[in-house]
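In order, the protein sequence lines correspond to chains G and Y. Mapping the first sequence onto this note's numbering, position 61 (from 1) lands on 61, and the numbers just tick up by one. Mapping the second sequence onto this note's numbering, position 25 (from 1) lands on 1025, and the numbers just tick up by one. The next block holds one structure in the form of structure tokens; read it before the comments.
Number of protein chains: 2
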Amino acid sequence: MQSMLNKSRASAKRKDALSSTPMKKSDITRQRVLEVTSDLFRRNGYQATSMRDIAAALGMKSGSLYYYYDSKEALLAAILNDNIDATLAGLKQVVANLPADATARQKFEAAIAASVKTISQAGDMAVASAQTLSFLQEPEFSEQSEHRRAYNQFWRDIIIEGKEKGEIRKDLPDAVASMAIVGALTFVAEWYESDRSSTDNIGAIFSRLFFDGMHA
Amino acid sequence: MQSMLNKSRASAKRKDALSSTPMKKSDITRQRVLEVTSDLFRRNGYQATSMRDIAAALGMKSGSLYYYYDSKEALLAAILNDNIDATLAGLKQVVANLPADATARQKFEAAIAASVKTISQAGDMAVASAQTLSFLQEPEFSEQSEHRRAYNQFWRDIIIEGKEKGEIRKDLPDAVASMAIVGALTFVAEWYESDRSSTDNIGAIFSRLFFDGMHA
DNA sequence: GTCTATACTATGATAGAC
DNA sequence: GTCTATCATAGTATAGAC
């Protein structure tokens, strides 16, 4: 479920100056390539999906894919990065739509709820962990790190703001705490089953857990 | 860092009745295969490591590997499962070594500390997320699920015990909370850098975060 | 029971014609 | 932009040596 604000330029053949000419034909196709590939990866897995499979689903030949992306790995990186960016943009919007006098806790709860929903819906790979297995190699690895960093920073900023407002204890290291949150959220994609518990429930449980803790 | 109690039989060619004859030569070699492969995967990544690379590092030919493991994927699954098992065994031991009258919180703290240490040391793939990308296919997928389940259950049991002792709020859904914890722990492998913060620190921060929350 | 030699097939990728 | 070769290499199967 790619967001509508998904620009899909990440990891494209060349990093062009950000959208000077709006939409060439190749950009349209590149977008299609990404959508179809994302769908195949999600359904059949990265490994089980061959470049020929992707090309066939697009009605083209495997060689043509390389006009749009340098490699299969670049294709994966683009999908991952786009998902991160789209998720982050969605979160920012949700928080921005809150009343101006919203507490840090309210922002946190809204962001968690939106995050859980996005990640579980469509099994979004959002901040997916393609790292542990050294799945991505250079240069895709470094590029992905940038996108992750921005995503992590979002959570860190909420914590920092909460500290400033006196809602969050000042001795909590925001760098570590934000990683715990991101980790817990990322992992949702791996265990969530649509029938078990609603995403709203999970979001509420997470919010309460991180804010109030487990203690009785 | 494979634990010493690592049996390394997971995903072997056949599920033999658990260790009737203790150590045949092939078992020794199988163990070596796993260690060398684990090292290569960790250093160069799963994809960048070919079966021929593995065989060469072992001083054998690629075809010979198939005497021990059915596929490259089975090799990965065995490593992943072994790591989960070893991590879990270590955690259980740490908790078992606590005084009999230890509180649930103390158990939790000890387990978190041990977990962070294991996961960060040697970039252990412990409960690694090879799932998001549908990396593992059947039958390895189902097999891995079993090992994960056992690991998750460990955390869930601690929470349940805490509830019974009145240390943890009863309205906390243990299934979801344990997933949050496992997710946060798993994710440590992806951001931990040995120079930044000591594992002890991270463990303490995590324990406090999950028990007391972020609130001021 | 343990390993090698060898070959088969599919894959990711490239170069050049259209 | 897209296709048509074409290539090198990958994972894997197997027959048979020791």
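Where is the CB? At the ideal position from N, CA and C, for every residue including glycine.
Could you compute how far the alpha carbon of residue i sits from the alpha carbon of residue j?
i                  : j                  : result
SER71 of chain G   : ALA77 of chain G   : 10 Å
SER38 of chain G   : ASP82 of chain G   : 10 Å
TYR66 of chain G   : ILE205 of chain G  : 45 Å
VAL1116 of chain Y : TRP1191 of chain Y : 12 Å
PHE211 of chain G  : ASN201 of chain G  : 15 Å
GLN1047 of chain Y : SER197 of chain G  : 35 Å
ALA1180 of chain Y : LYS1025 of chain Y : 42 Å
ALA114 of chain G  : GLY1059 of chain Y : 52 Å
GLY1213 of chain Y : GLN106 of chain G  : 15 Å
ARG1043 of chain Y : ILE79 of chain G   : 25 Å
SER1142 of chain Y : LEU1088 of chain Y : 19 Å
LYS170 of chain G  : TYR1151 of chain Y : 33 Å
ARG1149 of chain Y : LYS61 of chain G   : 42 Å
LYS1092 of chain Y : HIS1215 of chain Y : 31 Å
ALA100 of chain G  : PHE108 of chain G  : 14 Å
ALA102 of chain G  : ALA96 of chain G   : 10 Å
VAL94 of chain G   : THR118 of chain G  : 12 Å
GLN1144 of chain Y : MET23 of chain G   : 45 Å
ASP174 of chain G  : SER1207 of chain Y : 14 Å
SER1064 of chain Y : ILE1159 of chain Y : 46 Å
ALA189 of chain G  : ILE84 of chain G   : 13 Å
LEU1034 of chain Y : MET51 of chain G   : 30 Å
LEU75 of chain G   : GLY1090 of chain Y : 39 Å
Bridge partners of residue i, per DSSP?
i                  : result
HIS1215 of chain Y : G:ILE168
Determine, using beta carbons only, whether residue i and residue j come nearer to each other than 7 Å.
i                  : j                  : result
LEU40 of chain G   : ILE54 of chain G   : yes
LEU1172 of chain Y : ALA177 of chain G  : no
GLY203 of chain G  : ILE112 of chain G  : yes
GLU1073 of chain Y : GLU1146 of chain Y : no
TYR68 of chain G   : ARG30 of chain G   : yes
VAL36 of chain G   : ALA56 of chain G   : no
ALA1104 of chain Y : GLU1167 of chain Y : yes
SER1120 of chain Y : THR1199 of chain Y : yes
ALA1086 of chain Y : LEU1098 of chain Y : no
- Message: For a minimum of 4 consecutive residues, which ranges assigned as the alpha helix (DSSP H) are wholly contained in the segment 1070-1114 of chain Y?
- Response: 1072-1096
- Would you check if there are 3 or more beta carbon pairs closer than 8 Å linking the segment 134-141 of chain G to the segment 154-164 of chain G? Flag = no, the segment 134-141 of chain G and the segment 154-164 of chain G do not touch.
- Counting Cβ pairs, one atom from each stretch, are 3 or more of them under 8 Å apart for the segment 1181-1191 of chain Y and the segment 1163-1171 of chain Y? At 8 Å Cβ cutoff, the stretches do not touch.
- Which runs of the alpha helix (DSSP H) spanning at least 4 residues fall entirely within the segment 1137-1161 of chain Y, listed in chain order? none
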